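Below is one structure; the comments refer to it alone.
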Amino acid sequence: MLPFKLVYSDKYFLPIGQHVFRADKFRLIRERLLATKVADDSDFLSPEPAAESDVLLVHSPHYVNKLMEGALSAREELQMEIPYSPQVVDAFMLHTGGSILAAERALQDGICVNIGGGFHHAFPDHGEGFCMIHDFAVAIRAMQKRGRIRRAMTVDCDVHQGNGTAAIFANSARLANVLPSTSAPALAAPAEPAGARTSGNEVFTISLHQEHNYPFVKPASSIDVNLPDGCGDEEYLAWLDNAISSGLRQFDPEMICYVAGADPFQHDQLGGLNLTIAGLKRRDELVFRAARSRGIPVMTTYAGGYAINVEDTVSIHCNTVIAAAETCRTTPEGTGGEKLTA
Ligand SMILES: [Zn+2]
Numbered sequence: 123m124l125p126f127k128l129v130y131s132d133k134y135f136l137p138i139g140q141h142v143f144r145a146d147k148f149r150l151i152r153e154r155l156l157a158t159k160v161a162d163d164s165d166f167l168s169p170e171p172a173a174e175s176d177v178l179l180v181h182s183p184h185y186v187n188k189l190m191e192g193a194l195s196a197r198e199e200l201q202m203e204i205p206y207s208p209q210v211v212d213a214f215m216l217h218t219g220g221s222i223l224a225a226e227r228a229l230q231d232g233i234c235v236n237i238g239g240g241f242h243h244a245f246p247d248h249g250e251g252f253c254m255i256h257d258f259a260v261a262i263r264a265m266q267k268r269g270r271i272r273r274a275m276t277v278d279c280d281v282h283q284g285n286g287t288a289a290i291f292a293n294s295a296r297l298a299n300v301l302p303s304t305s306a307p308a309l310a311a312p313a314e315p316a317g318a319r320t321s322g323n324e325v326f327t328i329s330l331h332q333e334h335n336y337p338f339v340k341p342a343s344s345i346d347v348n349l350p351d352g353c354g355d356e357e358y359l360a361w362l363d364n365a366i367s368s369g370l371r372q373f374d375p376e377m378i379c380y381v382a383g384a385d386p387f388q389h390d391q392l393g394g395l396n397l398t399i400a401g402l403k404r405r406d407e408l409v410f411r412a413a414r415s416r417g418i419p420v421m422t423t424y425a426g427g428y429a430i431n432v433e434d435t436v437s438i439h440c441n442t443v444i445a446a447a448e449t450c451r452t453t454p455e456g457t458g459g460e461k462l463t464a
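Here it is, written out as structure tokens:
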């Protein structure tokens, strides 16, 4: 039995036909976790669909209406890059409910992994890049609305920049800090504006991504790390370490949303980085250790993963659960923030 919960539903499957996005990966991940005895049935929680009122905390009423009525234009559907159907909307609502549940459980248990979600290319008024509803932005806003947290940090390690996340939280991510895509030096701590660590309903956004890849217009995150093509494990991990350390010097989150994309993998069809499966697991460990040692709850979503061999995508995503479990065993709980009970 795991020291935290996994959120999953068979209805996470997206009926989008033959697609580079293998919508059966969620089921395959669950099956692998069970077959390898990393998890058992009791570790899984089943989500409810998100309430429309929660989705409206992020998305415009006009856009939500179009989704519910099936009134997207041909251009809007093209931009989404997945076919529209009411069943696809239902699946996205369920992934979003899953991320809300994962946020609640992370705040309770220290860690929770949604075996889905991570739709970071959805904007308030449109979807794009396989993303219809921004599940974890909705989860953050729902936790803020319910008074569970004020400040959250997103750590997006998908190979593609989190453009929707950056756009949604642009007004609250007050510290813009674009890192150059050169070799990885130690980052100096940027000047810290008075009150930055204590004020308001803020969300600090970090994105590590391949610079020369979709999205070609990248709205500014709080910290963007534009990685060069072919970036390998060591360079990537050095940049990630720097970005998280820098972010946590500037900002004091009550929850981290970790976007554990599998597409920085060297054999990904849509990515141009060169990370190994072992390197990606070290990435996960780095994020979980950084959070746990400071006592910051982490909710995780999965986002992309388009390896030539789907079994590699499944391995990378399963390793995220293993990394979280190992971190619980090996890393002492921090004393700041909400206590980790896992
Ligand atoms: Zn991606």
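Quick note, this note's numbering runs 122 ahead of the 1-based positions in the sequence shown. Just so you know, even glycine gets a beta-carbon here, dropped at the ideal spot from N, CA and C. None of the values given here were measured: they were computed from a predicted structure.
Positions of the alpha helix (DSSP H) runs, each at least 4 residues long and wholly inside the region 155-241, are given as 174-177, 183-191, 196-202, 208-231 in order along the chain. In this chain, the beta strand (DSSP E) harbouring S329 covers 325-332. Per DSSP, K340 lies in no beta strand (DSSP E) and is assigned neither H nor E.
Near ligand 1, meaning a Cβ closer than 6 Å to any of its heavy atoms, lie the following residues in chain order: D280, V281, H282, G383, D385, A425, G426. Going by C-alpha positions, Y358 is about 14 Å away from G383. Taken in chain order, the complete alpha helix (DSSP H) segments of 4 residues or longer contained in the region 396-435 are 399-415.
Looking only at A425, T435, F410, the smallest Cα-Cα distance to T453 is reached by F410. For Y380, no alpha helix (DSSP H) segment is defined; the enclosing uninterrupted segment is the beta strand (DSSP E) at 377-381. Counting every other CB atom within 10 Å of its CB across the protein chains shown gives Q140 a total below 16, marking it as exposed.
Rounded to whole angstroms, the Cβ separation of G286 and H256 is 5 Å, and the two are in contact under 8 Å. Around the beta carbon of H242, 16 or more other beta carbons sit within 10 angstroms, so the residue counts as buried.
Taking every protein chain shown into account, the CB of N431 has fewer than 16 other CB atoms within 10 angstroms, so this residue is exposed.
Residue pairing of L136 in beta bridges, as defined by DSSP: absent, with no partner found.
Contact annotation, I237 with I328: C-beta distance approximately 23 Å; criterion of less than 8 Å not satisfied. For I399, the CB contacts under 8 Å within the same chain, skipping 5 residues up- and downstream, are F387, D434, S437, I438, N441 in chain order. Annotation for D278: the continuous beta strand (DSSP E) segment containing it runs 274-278. Here D355 really is in contact with R404; their C-beta atoms are around 7 Å apart, less than 8 Å. With a contact defined as Cβ atoms closer than 8 Å, L397 and Y428 miss out at about 14 Å. Taking C-beta separations shorter than 6 Å and ignoring five residues to either side along the sequence, the partners of A446 in its chain run I233, F410, following chain order.
Distance from the Cα of E199 is smallest, within the candidate group N187, H248, P183, for H248.
If the five residues before and after K133 are omitted, its C-beta is found closer than 6 Å to the C-beta atoms of L216, all from its own chain and listed in chain order.
The region 182-192 and the region 158-173 do not touch, with fewer than 3 CB-CB distances between them shorter than 8 Å. Ranking N348, T422, L167 by CA distance to the CA of V277 puts T422 first. C440 carries a helical assignment under DSSP once its states are collapsed to helix, strand and coil.
In this structure, G219 places its C-beta atom within 7 Å of the C-beta atom of E170.
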